[in-house]
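The opening position of the sequence shown corresponds to residue 17 in my numbering, with each subsequent residue numbered one higher.
A short worksheet on the structure shown next.
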Amino acid sequence: MAELIYRTLRENIADIIRKRIIYQELEPGQKIVEQDLAKEFKTSRAPIREALRQLENEGLIEYVRNAGCSVKEITLEESFEIYLMRANYETMAVKLMGGNVPEDTICRMEEVLEKMKKLDEEHVEKRVAFEVSVSQLELLDEAQFDQVFVYDNQMHGLLVEMTGMTRLYKAWKELNYGNIVTGFSLSTDKKRVLERQYPIHKELVDACREKNKEKICQVLSEHYMRTIRRLLKEQGLSEEDSRFSFDFLV
17 MAELIYRTLR ENIADIIRKR IIYQELEPGQ KIVEQDLAKE FKTSRAPIRE ALRQLENEGL
77 IEYVRNAGCS VKEITLEESF EIYLMRANYE TMAVKLMGGN VPEDTICRME EVLEKMKKLD
137 EEHVEKRVAF EVSVSQLELL DEAQFDQVFV YDNQMHGLLV EMTGMTRLYK AWKELNYGNI
197 VTGFSLSTDK KRVLERQYPI HKELVDACRE KNKEKICQVL SEHYMRTIRR LLKEQGLSEE
257 DSRFSFDFLV
């Protein structure tokens with residue numbers, strides 16, 4: 017029997033708006049009107065306001081006094097901050113455990129890795145089997161693209177979760193949707209993002225199997241640095257264009 021998950025009205029509304037932002041049905045800078053949402057969802061403005069407050073905490077929308085709420089634009093600097101915090105939370109977790117990643121955690125990471133592998137294989141099969149136009153292939157990629165970040169968050173979250181530190185995990189988890197939105201809004205080559213997920217995360221799982229603290233942290237550092245440098249390159253920028261030091265891991 018499938019597990020039933022109870023969610024409040026606020027959570028359901030937040031989830032719908034969140035997906036609209038991620039899929040850019042609501043564009044950066046677009047105003048969000050409480051009254052319009054209340055009418056759409058046939059509810060009072062109270063749960064709408066609660067949902068918007070949650071999305072504001074997640075960094076997806078912003079509130080300006082006397083102007084209301086609007087979809088927040090994720091800038092390159094904000095993406096840098098998101099990856100800075102994620103990288104340091106994860107390396108902190110690894111160091112707290114002395115690199116001794118529990119076997120249960122490794123098994124769960126391997127399960128996620130298999131899902132990544134399957135996604136990559138499906139992506140390749142579609143490109144071989146479908147005789148379609150470039151624009152249609154992009155639509156096929158788009159349908160898989162959100163799952164890439166779901167698996168990415170699951171994989172990295174396991175490293176933080178293994179510590180049993182609820183506050184640390186909560187702080188890390190609040191960055192999840194910023195990671196997804198960054199991928200959708202700043203990644204220009206979705207095909208390459210799909211293709212590299214399995215090999216780079218296999219490298220992480222292999223390091224965790226060795227239970228070598230320094231190696232795991234090194235793999236995490238390289239993982240995030242590659243992402244940041246790729247985002248810079250796709251925006252036509254280099255490290256020299258950033259006002260931040262790239263030596264940011266604790």
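Glycine is no exception: its CB is placed at the ideal position from the N, C-alpha and C atoms.
For clarity, every value in this text was computed on a predicted model and none was experimentally measured.
_In whole angstroms, give me the CA-to-CA distance for I32 and Q163._
17 angstroms
*Neighbour-count burial assignment, T24, 16 or more Cβ in a 10 Å radius*: exposed
*Start and end residues, alpha helix (DSSP H) containing I37*: 25-38
*Indicate whether the contact test is met: 3 or more Cβ pairs, each with one atom in the region 108-120 and one in the region 176-195, closer than 8 angstroms.*
yes
*Please name the residue in K189, G75, N104 whose C-alpha comes closest to that of I90.*
G75
_Local conformation of I90 per DSSP, three classes_ = coil
*Over the uninterrupted beta strand (DSSP E) stretch that includes V235, give me the two end residues.*
Per DSSP, V235 belongs to no beta strand (DSSP E); it is in the alpha helix (DSSP H), 229-250.
_Residue of A54, T121, A109, Q213 minimising C-alpha distance to V275_ = There is no way to answer for residue 275, as the model of the chain reaches only from 17 to 266.
_Here's the rule: buried if 16 or more other CB atoms are within 10 angstroms of the residue's CB, otherwise exposed. What is G173?_
buried
*Would DSSP call G84 helix, strand or coil?*
strand
*Inspect the CB distances between the region 40-50 and the region 78-89 and report whether three or more fall short of 8 angstroms.*
yes
*Would E50 pass as a contact of R65 if the rule is Cβ separation under 8 angstroms?*
yes
_Give me the residue from E106, L100, E137, N195 with the minimum Cα distance to R34._
N195
_Please report the straight-line C-alpha distance between E256 and A54, rounded to a whole angstrom._
47 angstroms
*asked:* So, under 8 angstroms CB-CB, T8 and I98 are touching, yes? Tell me the CB distance rounded to an integer number of Å.
replied: Beyond the ends of the chain as shown, which are 17 and 266, falls residue 8; an answer cannot be given.
*Do the CB positions of L248 and E106 come within less than 8 angstroms of each other?*
no
_Neighbourhood of R36 by C-beta distance below 7 angstroms, restricted to the same chain and skipping five residues each side_ = L42
*asked:* Taking the alpha helix (DSSP H) that R183 belongs to, which residues open and close that run?
replied: 182-189
*What separation, rounded to the nearest whole angstrom, lies between the Cα atoms of H217 and T59?*
43 angstroms
*Straight-line CA distance for R102 to N192?*
9 angstroms
*So is the beta-carbon of P118 under 7 angstroms away from any non-hydrogen atom of the ligand ATP?*
Annotation note on the ligand ATP: not contained in the displayed structure, which lists no ligands.
*Which of helix, strand or coil does DSSP assign to V150?*
Caution is warranted here: a pLDDT of 43 is assigned to V150, below 50, making its placement in the model unreliable, and no coordinate value can be reported.
*asked:* Please report the distance separating the alpha-carbon of E95 from that of R69.
replied: The displayed chain sequence assigns Ser, not Glu, to residue 95. The straight-line gap from Cα to Cα measures roughly 21 angstroms.
*Taking just the CA atoms, how far does N73 sit from V80?*
14 angstroms
*What is the DSSP secondary structure of E78, counted as helix, strand or coil?*
strand
*Run of the alpha helix (DSSP H) containing F262, from where it starts to where it stops*: No alpha helix (DSSP H) holds F262; DSSP gives it neither H nor E.
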